[in-house]
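First up is the structure itself, then whatever we jot down about it.
Residue numbers (this note's numbering), protein chains in the order written: chain R, 1 to 116; chain S, 1 to 112.
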């Protein structure tokens with residue numbers, strides 16, 4: 001199993017630019033999560049999809065952030081326009097919430113974003 | 001709003017020491033509590049605890065849950081330098097899918 005795949009691994013951009021982060025969940029998983037991690041705030045949940053539908057986006061910081069899941073094997077997190085305070089590691093995680101659900105999330109390696 | 005507090009924030013020990021990490025939580029409709037280990041990259045799963053008083057073990061790591069007092073502990077015996085990491089706990093609510101709210105973590109450093 002390839003695990004959760006995220007791209008890019010590192011992104012350095014300038015303030016005001018658009019940033020798109022990508023995620024391919026584990027095949028067969030029906031839930032997908034975007035988290036953001038910083039030293040100050042720890043690991044924060046941004047948005048949660050179940051069966052490609054956004055269920056909880058209360059963690060999305062503001063309108064500059066948007067996330068989509070057009071199909072079961074792909075999701076994007078977009079920041080437009082980006083700001084220096086968006087600098088963080090963004091993790092995507094997937095999970096199975098059907099029968100015999102263990103509750104475990106499987107994380108990708110993360111995308112480290114630096115906004116100058 | 002769910003609350004998760006981990007203590008201590010950080011800990012420095014020497015190889016061979018035993019450590020106890022704490023996690024207290026307040027959630028509206030508790031289902032289970034998960035522990036993760038995060039080294040330099042992604043968090044990796046350690047344990048899921050659902051019932052009080054039943055210890056889960058994996059090698060030198062063990063964990064137990066107290067649903068009455070709303071806390072869990074993670075013990076690591078005979079620590080090794082490879083145990084150096086951030087340890088995260090996350091309670092899981094019923095009916096919330098697998099949406100985890102993570103604590104701030106305990107940063108453990110094990111010196112040779």
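Heads up, the beta-carbon is just placed ideally off N, CA and C, and yes, glycines get one too.
Distance check for residue j and residue i, CA to CA, integer angstroms please.
i	j	result
residue 30/R	residue 14/S	42 Å
residue 54/S	residue 95/R	25 Å
residue 101/S	residue 8/R	25 Å
residue 10/R	residue 113/R	6 Å
residue 52/R	residue 25/R	11 Å
residue 47/S	residue 55/R	26 Å
residue 3/R	residue 38/R	23 Å
residue 35/S	residue 63/R	32 Å
residue 20/R	residue 33/R	16 Å
residue 98/R	residue 49/R	14 Å
residue 77/R	residue 28/S	29 Å
With residue i as the anchor, note down where its beta strand (DSSP E) starts and where it stops.
i	result
residue 106/S	106-111
residue 81/S	Taken as a continuous stretch (DSSP letters only), residue 81/S belongs to no beta strand (DSSP E), as it is neither H nor E.
residue 53/R	53-56
residue 10/R	10-13
residue 37/R	31-38
Does residue i have its Cβ less than 8 Å from a Cβ in chain S?
i	result
residue 5/R	no
residue 114/R	no
residue 65/R	no
residue 43/R	yes
residue 27/R	no
residue 109/R	yes
residue 38/R	no
residue 156/R	In the structure as shown, chain R begins at 1 and stops at 116. Residue 156/R is therefore absent and cannot be evaluated.
Taking 8 Å as the CB-CB cut-off, is residue i touching chain R?
i	result
residue 72/S	no
residue 113/S	This structure leaves residue 113/S out entirely; chain S is present only between 1 and 112.
residue 85/S	no
residue 65/S	no
Could you check whether residue j and residue i sit closer than 8 Å to each other, using their CB atoms as the reference points?
i	j	result
residue 92/S	residue 33/S	yes
residue 37/S	residue 85/S	yes
residue 46/R	residue 59/R	yes
residue 108/R	residue 89/R	no
residue 60/S	residue 81/S	no
residue 88/S	residue 43/R	yes
Taking a cut of 8 Å between CB atoms, which residues from the stretch 45-60 of chain R lie near chain A? Although the question refers to chain A, the structure presented lacks it and instead comprises the protein chains R and S.
Note down, one range per segment and in chain order, each beta strand (DSSP E) of at least 3 residues found wholly within the stretch 8-52 of chain S. 10-14, 19-26, 30-38, 43-49
Considering only residues of the stretch 54-103 of chain S, which uninterrupted beta strand (DSSP E) runs meet the minimum length of 3 residues and lie entirely inside it, listed in chain order? 56-58, 61-66, 71-76, 85-93
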